[in-house]
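Student:
Protein chains: 4
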Amino acid sequence: MLPTRTLLDSITTKARLGTDVLAPATDALAECEKAVLVCATGMLASDDADRMREAARADLDCHDVVGATLRLLLREGGGGTRLLAAQLEACAIACERSNELCRAHAGRHEHCRLCTQATTRAIDACHGVREALRP
Amino acid sequence: MLPTRTLLDSITTKARLGTDVLAPATDALAECEKAVLVCATGMLASDDADRMREAARADLDCHDVVGATLRLLLREGGGGTRLLAAQLEACAIACERSNELCRAHAGRHEHCRLCTQATTRAIDACHGVREALRP
Amino acid sequence: MLPTRTLLDSITTKARLGTDVLAPATDALAECEKAVLVCATGMLASDDADRMREAARADLDCHDVVGATLRLLLREGGGGTRLLAAQLEACAIACERSNELCRAHAGRHEHCRLCTQATTRAIDACHGVREALRP
Amino acid sequence: MLPTRTLLDSITTKARLGTDVLAPATDALAECEKAVLVCATGMLASDDADRMREAARADLDCHDVVGATLRLLLREGGGGTRLLAAQLEACAIACERSNELCRAHAGRHEHCRLCTQATTRAIDACHGVREALRP
Chain A
1 MLPTRTLLDS ITTKARLGTD VLAPATDALA ECEKAVLVCA TGMLASDDAD RMREAARADL
61 DCHDVVGATL RLLLREGGGG TRLLAAQLEA CAIACERSNE LCRAHAGRHE HCRLCTQATT
121 RAIDACHGVR EALRP
Chain B
1 MLPTRTLLDS ITTKARLGTD VLAPATDALA ECEKAVLVCA TGMLASDDAD RMREAARADL
61 DCHDVVGATL RLLLREGGGG TRLLAAQLEA CAIACERSNE LCRAHAGRHE HCRLCTQATT
121 RAIDACHGVR EALRP
Chain C
1 MLPTRTLLDS ITTKARLGTD VLAPATDALA ECEKAVLVCA TGMLASDDAD RMREAARADL
61 DCHDVVGATL RLLLREGGGG TRLLAAQLEA CAIACERSNE LCRAHAGRHE HCRLCTQATT
121 RAIDACHGVR EALRP
Chain D
1 MLPTRTLLDS ITTKARLGTD VLAPATDALA ECEKAVLVCA TGMLASDDAD RMREAARADL
61 DCHDVVGATL RLLLREGGGG TRLLAAQLEA CAIACERSNE LCRAHAGRHE HCRLCTQATT
121 RAIDACHGVR EALRP
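Protein chains in written order, with UniProt numbering: chain A, 1 to 135; chain B, 1 to 135; chain C, 1 to 135; chain D, 1 to 135.
1. Of all the options D:8, D:19, D:4, which has the alpha carbon lying nearest to the alpha carbon of residue 129 (chain D)?
2. Straight-line CA distance for residue 61 (chain C) to residue 71 (chain B)?
3. Which residues, taken in chain order from the region 48–65 of chain D, show a beta carbon closer than 9 Å to some beta carbon of chain B?
4. Leaving aside the five residues before and after residue 88 (chain C) along the sequence, list all residues of the same chain whose C-beta is less than 7 Å from its C-beta, in chain order.
5. Once DSSP output is grouped into helix, strand and coil, what is the label at residue 48 (chain C)?
6. Give the interface partners of residue 45 (chain C) over in chain A, defined as CB-CB distance under 9 Å, in chain order.
7. Using beta carbons (cut-off 7 Å, strictly below), is residue 41 (chain C) in contact with chain B?
8. Can you look up residue 3 (chain B) in the DSSP assignment and give me helix, strand or coil?
9. Run down chain A in chain order and give the residues with a C-beta less than 8 Å from the C-beta of residue 111 (chain D).
10. By the three-class DSSP mapping on this structure, what secondary structure does residue 63 (chain D) have?
11. Does the beta carbon of residue 74 (chain D) sit closer than 7 Å to a beta carbon anywhere in chain A?
12. Closest by CA to residue 101 (chain B), which one among B:37, B:63, B:57?
13. What residue does the alpha helix (DSSP H) around residue 93 (chain B) start on, and which one ends it?
14. Taking any Cβ of chain B, which residues in the region 82–114 of chain A have a Cβ under 7 Å from it, in chain order?
15. How about residue 25 (chain D): is its C-beta nearer than 7 Å to some C-beta of chain C?
16. Which value, in whole angstroms, describes the spacing of the CA atoms of residue 97 (chain A) and residue 65 (chain B)?
17. According to the neighbour-count rule (16 or more other Cβ atoms, all chains shown, within 10 Å of its Cβ), is residue 48 (chain B) buried or exposed?
18. Quick one: what does DSSP say residue 42 (chain B) is sitting in, helix, strand or coil?
19. Taking the alpha helix (DSSP H) that residue 123 (chain A) belongs to, which residues open and close that run?
20. Pick from C:17, C:67, C:7: whose alpha carbon is nearest that of residue 30 (chain C)?
21. Of all the CB atoms in chain C, is at least one closer than 7 Å to the CB of residue 80 (chain D)?
22. Shortest alpha-carbon distance to residue 37 (chain D) belongs to which of A:4, A:121, A:93, A:106?
23. Taking all protein chains shown into account, do 16 or more other C-beta atoms lie within 10 angstroms of the C-beta of residue 116 (chain C), making it buried, or fewer, making it exposed?
24. I want to verify the contact list: residues of chain B whose CB lies under 8 Å from the CB of residue 125 (chain A), in sequence order.
25. Hey, residue 35 (chain A) and residue 84 (chain D): beta-carbon distance below 7 Å or not?
26. At a Cβ threshold of 7 Å, is residue 29 (chain B) touching chain C?
27. For residue 105 (chain A) and residue 81 (chain B), I'd like the C-alpha separation in whole angstroms.
28. May I have the straight-line CA-CA distance separating residue 59 (chain A) from residue 59 (chain B), to the nearest angstrom?
29. Check the Cβ-Cβ distances between residue 118 (chain A) and every residue of chain B, and say whether any is below 7 Å.
30. Kindly say whether residue 130 (chain B), judged by its beta-carbon, lies nearer than 7 Å to any beta-carbon of chain A.
31. Hey, residue 75 (chain A) and residue 41 (chain D): beta-carbon distance below 7 Å or not?
32. Can you give the Cα-Cα distance for residue 103 (chain C) and residue 135 (chain B), rounded to whole angstroms?
33. So that I know if they touch, is there some Cβ in chain C lying closer than 7 Å to that of residue 71 (chain D)?
34. What does residue 68 (chain D) touch in chain A if you count any residue whose Cβ is under 9 Å from its own?
35. Out of B:99, B:107, B:11, which one is the CA nearest neighbour of residue 111 (chain C)?
Given below as structure tokens:
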């Protein structure tokens, strides 16, 4: 696998955020984007799908919001500080929501346990990039 | 074409937001999602692409952010008030940025002029839904 | 709402496919992208969600495939005839699958009935554009 | 990082395709989805953007098509053999096109060189999964 850092180093020369900030953050968001989709699929296929509907919907919302945030960051986070800060804030909230709802099922479902790990890392990544955006 | 209202009325029974709020807002965002992508394509193909790079990138960012927001709304805006409010805020900022950058080219490029119309309506839609979310 | 035709006319000068082919096709795909997402949401929230899981998953697959196809078309269908033909083929299959699975629930669920209408139109649109691509 | 295999093993029990097929394929597509977006951003920001417009547009098309294919696979490749085979075919074509166009710029642009590596792996992944789908 290509390290994200190598990839971003091949283009980022004038970006506001350095590759040392962007690379781990995009990795965390990419992992999260994948984990919440797999987890939603697992929940909807499960025998007790019925009581995990809200969590599945939160995962699908989270997948979309994380995906959009990730694409902003991969375009070098060049899209204006204000937009990036607001989108990272929405992304952290989407991850917190999935995290909270999946945590309730983590004892019974391994995919929910893995999903809470991924959303936890994504929340940290969002806060880390927001911190780095501060002047 | 199926009116969005008819479509949303076929499912929304328990949603926080009524169809009269959701339907026009999703229409405005869907139009904007399309207009910014077409406009970015037009700018990148144009003879003076060089001076519209920032606007094209802003349009691509806007496309992604509007798309994620639209999908939250189409899932009935059920995903928690806090998430929806934050995503709508990011969406309004993304649209404002495209609007401002395309406005500078609207005299020379019809697609930029149409794009500023679409982003203006999307900004209003974001504010309208945020207003409706207030308790 | 901005007519898609006006939007596409503002950029398409050298496209292989004329606006009279692209505009109605993108409208049909945009409607379908929306209808399958709303329908999946409706099925997963329904009392008899359990027996509609396969249809809901088919709708989510369809949403993703239609969305990608739509974005190719909005970028003027400029991406090479071979790619466009293959993606339209996949798109038609995704729509046929949703159509078939939702049809089984159309008597009980209005959103499934509307969804089958939208996928029917999208299938026709895919075939229409493929036809127009032939030399 | 969570290995994709661990994630997919947490849900795939009845999938047509085993995790040993799905996990490396989704990793290759996820890498490609990222690489083509970064490469397009690099090309559009470059001094010689003008002669790479077609390659940039091919990368954006590729990003969308790979993304949709990836999401089908992450939903366990459960969406019907016919759909999956057709979408993998379109995906391979999209990757071949990016590969061919970026190869021409790989000597001057490191991001184009990395992109051709990623699309090459994605093409192999598409063919591998198609092979595994055969009865």
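Here a beta-carbon is modelled for each residue, glycine too, at the ideal position from N, C-alpha and C.
Tutor: In short, the structure shows the following:
1. D:19
2. 14 Å
3. 49, 50, 53, 56, 57, 60
4. 69, 126, 129, 130
5. coil
6. 53, 57
7. yes
8. coil
9. 7, 10, 11
10. helix
11. yes
12. B:57
13. 81–103
14. 82, 83, 86, 87, 89, 90, 93, 94, 97
15. no
16. 19 Å
17. exposed
18. helix
19. 110–133
20. C:67
21. yes
22. A:4
23. buried
24. Neighbours of residue 125 (chain A) on chain B: none; closest Cβ ~16 Å, over 8 Å.
25. no
26. no
27. 23 Å
28. 27 Å
29. no
30. no
31. yes
32. 39 Å
33. yes
34. Ordered by position in chain A, no residue passes the 9 Å Cβ test against residue 68 (chain D), which lies about 12 Å from the chain.
35. B:11
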